[in-house]
Amino acid sequence: MLKVIASANGIVGIEAAMEVLKKGGTAVDAVEAGIRLVESNPEDTTVGYGGLPNLLGEVELDASIMDGETLAAGAVGAVKGYEHPISIARKVMEELPHVMIVGEGAERFAREMGFEKKDLLTPKAREIWEKGLKEKAPDIYGERAEYLESLRRFANLAVDPEKHLGTVNFIAMDSRGHLATGVSTSGWAWKYPGRLGDSPVIGAGNYADSRYGAAACTGRGEMAIRLSTARSIVLYMEMGLSLEEAATKAMLELARLKDRFWGRVSCIVMDAKGNHGAFSVGGPSKYVVMTEDMDAPQELPRVEIPVPNKK
Ligand code: ASP
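Numbering that gives the first Met the number 0 applies: residue 0 is where the sequence shown begins, and numbers increase by one.
So this is what it looks like as structure tokens:
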């Protein structure tokens with residue numbers, strides 16, 4: 000059965016992803032197609048065009064894609080000026096002998112691959128960014144000369160991270176039962192320039208292995224990096240745990256992690272049979288599902304794993 004699941008903001012792309020599968024496209028084709036529409040959605044301030052910028056007001060995007068059949072993967076980080084990092088990540092997977100490229104190198108590669116440049120900072124994102132600076136760091140805002148020196152201090156203030164994080168996750172199963180995962184994000188708003196979260200890190204925010212399952216994460220990426228959350232979930236399924244047991248174990252690891260800026264992390268998961276689920280620690284959230292027999296996607300709640308005695 001053809002299936003696509005996504006984080007809730009994937010609703011704008013999930014039907015297109017299903018269409019790709021119905022026309023015989025691969026799971027990789029489907030996740031890329033779905034994510035591209037989220038990246039182009041100006042209303043989404045967490046992904047692609049319209050994403051919130053870093054401390055300097057620059058939109059820096061991260062993305063990764065993994066083919067669960069071959070375990071091939073591609074990722075880009077801190078890319079400026081290109082609307083579709085998911086497609087650049089796919090090109091990295093297919094054209095380069097590398098898995099991850101970042102910054103200027105990734106932009107150079109995007110140019111060589113024929114991607115078009117675009118100004119990604121929308122008026123809405125700029126307004127949120129400026130308001131955040133004025134409210135949270137009035138001594139920094141406007142003092143361009145001292146601004147760079149103040150960046151680290153500002154980053155450590157962790158400006159309302161829960162409200163300014165977000166990412167899109169997609170997992171698809173195609174007609175051959177192959178799995179693929181894609182992740183794309185503008186990362187943590189007001190982040191230190193060059194900061195990468197879990198989204199472009201294979202194993203942290205994204206992992207797919209058609210033999211066992213696939214997982215992708217949103218939320219505080221630093222925590223998912225430290226625990227290799229996506230890979231852990233798939234590995235636990237390989238070791239014989241059910242999808243629910245595997246995801247719950249990984250979520251409890253996140254719940255117990257000591258972190259000065261501890262924040263919500265969520266995941267979507269699909270196993271090799273196409274069973275799916277979504278889980279979160281630190282707050283409720285939703286995910287969307289579409290199977291080939293559905294006329295429209297369905298939004299479902301994630302299972303919220305309670306945080307034991309968290310200080
Ligand atoms: N995981 C993303 C990051 O850390 C952000 C998010 O999903 O909220 O960059």
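Note that CB positions come from ideal geometry on N, CA and C, so glycine has one too.
| Check | Outcome |
| --- | --- |
| Helix, strand or coil: which one does DSSP assign to Glu291? | coil |
| Below 8 Å between beta carbons: does that hold for Val3 and Gly47? | no |
| Under a three-way DSSP split, which group does Ala144 fall into? | In this prediction, Ala144 has a pLDDT of 42, which is less than 50 and means its spatial position is unreliable; nothing more can be read from the coordinates. |
| Please list, in chain order, all residues of the same chain as Lys90 whose beta carbon is under 6 Å from its beta carbon, the five residues on each side excluded. | Met112 |
| Starting from Ala7, trace the beta strand (DSSP E) both ways and give me its first and last residue. | First-last for Ala7: undefined, no H or E at that position. |
| Output the distance between the C-alpha atoms of Glu103 and Val78, rounded to the nearest integer angstrom. | 7 Å |
| Keeping to the same chain, check which residues put their C-beta closer than 6 Å to that of Met17; ignore five residues upstream and five downstream. | Val3 and Met289 |
| Check the DSSP bridge columns for Asp270 and list the partner residues they point to. | Gly212 |
| What number of angstroms, rounded off, separates the C-alpha of Phe260 from the C-alpha of Met0? | 40 Å |
| Which value, in whole angstroms, describes the spacing of the CA atoms of Pro96 and Ala71? | 10 Å |
| Could you pull the start and end residues of the alpha helix (DSSP H) that Asp28 belongs to? | Ala26 to Glu38 |
| Could you check if Ala144 is buried or exposed, using at least 16 other CB atoms within 10 Å of its CB as the buried criterion? | The predicted position of Ala144 is uncertain, since its pLDDT is 42 and thus under 50; no value can be drawn from it. |
| From Met236 to Leu242, what distance separates their C-alpha atoms? | 6 Å |
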